[in-house]
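Asks: Here it is, the structure, as structure tokens.
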Amino acid sequence: MDRRRNRTFTKLAACTGLALGAVASTTAPALAEAPPKHRATPSAAGLPTFDFGDCPTLPIGADPDKWRCEVHVATGEMRLGEAVVPIRPMTITHAEGPLPDGTTGQVFGALHATPSPTSGGLLGVPGLPERAPLLGMNVETKYGGWFDFLSHGTSAGGLDVTLALSGPLLPKDCSIGTAEQPIRLTMMRKGPNEWISKDPPILKGTLWDNTVAIPAAGGCGPLGTVLNQRNGLPSPGGTNSITLDGLYTFKTYTQLGR
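Here the sequence shown stands for residues -32 to -1, 1 to 226, numbered as in mature numbering (1 follows the signal peptide of the UniProt record, and there is no 0).
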């Protein structure tokens, strides 16, 4: 997709829920070209069900035949300081298309992610949560209020996220990153995207970011200091990473009947 100036960033939902993502995702791979007509369509058996229920409302004057809703589903891994977090299936939905003035617009729909357990729990000790569940800790990726999924070259755009931390000993507002100071992901493609289906159109690809800086956890009560010290937070860029293996599909708003 050619690089284009985006003058409209509309946030319609800040949702629960990464290539990090993707991360996410995050995101899954962005469409670069139409599916090749000469390539046979592989079986869609085993593919996830893509839910278009979070497709956002279009900007005033947008052409539903030229705007499309894009759904990205990704899994992967986050390395946050000393903590390693497997990313369970995460879904990101957004829309993009031409605006009446000829520029390209984007509208965010939703980010949904299942809380993922860290390998070392509160104290950053691998295997500790299995031996002492009370010291377990989960990480849930949430939308941080900004995104830009217009890709160029190997860049797949960016996404602001916050990481909600939960566990038996943690207060409900414990998190890494806040709405005022979110974590900014700058995702790059690892190799070319692969068409795995033409009908429905589905692409497969891997995104990663090894430059992201991770702030200290906050709102975690008296355990915050221990959590940060044992997990190496804050952690500067270059020492953290996120990898997302994702699938991506889309429909025009005309196809959606909207």
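The beta carbon of each residue, even a glycine, is placed where N, CA and C say it ideally should be. Keep in mind it's a predicted model, so treat the numbers as computed, not measured.
1. Under the rule that 16 or more other beta-carbon atoms within 10 Å means buried, what is G73, buried or exposed?
2. Helix, strand or coil, according to DSSP, for P16 in the structure here?
3. Between which residues of its own chain and P150 is the CB-CB distance below 7 Å, once the five residues before and five after are set aside?
4. Can you name, in chain order, every residue of its own chain whose Cβ lies under 6 Å from the Cβ of F18, other than the five neighbours on each side?
5. Once the 5 residues before and after G200 are set aside, which same chain residues still bring their CB inside 6 Å of it?
6. Using three-state DSSP, classify R99 as helix, strand or coil.
7. How big is the Cα-Cα spacing for F115 and R152?
8. So what's V180 in DSSP terms, helix, strand or just coil?
9. Please state whether DSSP places Q149 in a helix, a strand or coil.
10. Report the CB separation of P16 from L215 in whole angstroms; it is logged as a contact under 8 Å.
11. Consult DSSP for G65 and reduce its assignment to one of helix, strand or coil.
12. Check whether the Cβ atoms of G29 and P68 lie closer than 8 Å to each other.
13. At which residue ranges does the segment 22 to 82 contain complete beta strand (DSSP E) runs of 3 or more residues, listed in the order of the chain?
14. Helix, strand or coil: which one does DSSP assign to T207?
15. Helix, strand or coil for R157? Go by DSSP, reduced to three states.
16. What are the boundary residues of the beta strand (DSSP E) that includes G113?
17. Less than 8 Å between the CB atoms is what I'm expecting for G173 and R198, so what's the real figure, rounded?
18. Going along the chain, which residues of its own chain have a beta-carbon closer than 7 Å to the beta-carbon of A8, five neighbours each way excluded?
19. Under the three-state reduction of DSSP, which class applies to V129: helix, strand or coil?
20. Going by alpha carbons, who is nearest to P190 out of G95, G121, L90?
21. Within 10 Å of its beta-carbon, does E64 have 16 or more other beta-carbons around it, so buried, or fewer, so exposed?
22. By the three-class DSSP mapping on this structure, what secondary structure does A8 have?
Replies: Let's see:
1. Here residue 73 refers to the residue found at position 105 when the sequence shown is read from its first residue. Buried: at least 16 other Cβ atoms inside 10 Å.
2. Reading the sequence shown from its first residue, position 48 is the one you call residue 16. P16 carries a coil assignment under DSSP once its states are collapsed to helix, strand and coil.
3. Taking the first residue of the sequence shown as 1, we reach residue 150 at position 182. If we look at P150 and ignore the five residues flanking it on each side, its Cβ neighbours are G112, G113, D128, V129, T130.
4. Along the sequence shown, one-based indexing puts residue 18 at 50. Cβ neighbours of F18 beyond the five flanking positions: V39, T217.
5. Within the sequence shown, numbered from 1, the residue matching residue 200 stands at position 232. Within the same chain, Cβ atoms closer than 6 Å to the Cβ of G200 are found at G49, E50, the five residues on either side in sequence being excluded.
6. Here residue 99 is taken as the residue at index 131 of the sequence shown, counted from 1. R99 carries a helical assignment under DSSP once its states are collapsed to helix, strand and coil.
7. Sequence index remark: in the sequence shown, residue 115 carries index 147 (1-based). Sequence index remark: in the sequence shown, residue 152 carries index 184 (1-based). Put simply, the backbone Cα of F115 is about 9 Å away from that of R152.
8. Taking the first residue of the sequence shown as position 1, residue 180 is located at position 212. Residue state, collapsed to three classes: coil.
9. The count along the sequence shown starts at 1 and reaches residue 149 at position 181. Coil, per DSSP.
10. Mapped onto the sequence shown, residue 16 falls at position 48. Mapped onto the sequence shown, residue 215 falls at position 247. Their Cβ separation, rounded to whole angstroms, is 6 Å, which keeps P16 and L215 in contact under 8 Å.
11. Residue 65 sits at position 97 when you count from the first residue of the sequence shown. If DSSP states are grouped into helix, strand and coil, G65 belongs with the strands.
12. As a working mapping, residue 29 is identified with position 61 in the sequence shown. As a working mapping, residue 68 is identified with position 100 in the sequence shown. For G29 and P68, yes; Cβs fall inside 8 Å.
13. With a minimum length of 3 residues, the unbroken runs of beta strand (DSSP E) contained wholly in the segment 22 to 82 fall at 36 to 48, 51 to 66, 72 to 81.
14. Translated into the one-based positions of the sequence shown, residue 207 becomes position 239. Reduced to three states, the DSSP call for T207 is coil.
15. Locating residue 157 in the sequence shown gives position 189, where the first residue counts as 1. The answer is strand: DSSP assigns R157 an E or B state.
16. As a working note, residue 113 is residue 145 in the sequence shown. For G113, the enclosing beta strand (DSSP E) starts and ends at 106 to 116.
17. Translated into positions along the sequence shown, residue 173 becomes position 205. Translated into positions along the sequence shown, residue 198 becomes position 230. About 35 Å; that fails the 8 Å criterion.
18. Along the sequence shown, one-based indexing puts residue 8 at 40. Residue placement at A8 is flagged as unreliable, the pLDDT there being 32, under the threshold of 50; a coordinate-derived value is accordingly withheld.
19. Translated into the one-based positions of the sequence shown, residue 129 becomes position 161. The answer is strand: DSSP assigns V129 an E or B state.
20. For the purposes of this step, residue 190 is taken as the residue at position 222 of the sequence shown. Here the closest residue by C-alpha is L90.
21. Along the sequence shown, read from residue 1 onward, the residue named residue 64 stands at position 96. Looking at its Cβ environment, which holds 16 or more other Cβ atoms inside 10 Å, E64 is buried.
22. The sequence position of residue 8 within the sequence shown is 40, counting from 1. With a pLDDT of 32 at A8, under the threshold of 50, the modelled position of this residue cannot be trusted; read the value that follows with caution. DSSP places A8 outside both helix and strand once states are collapsed to three, so it counts as coil.
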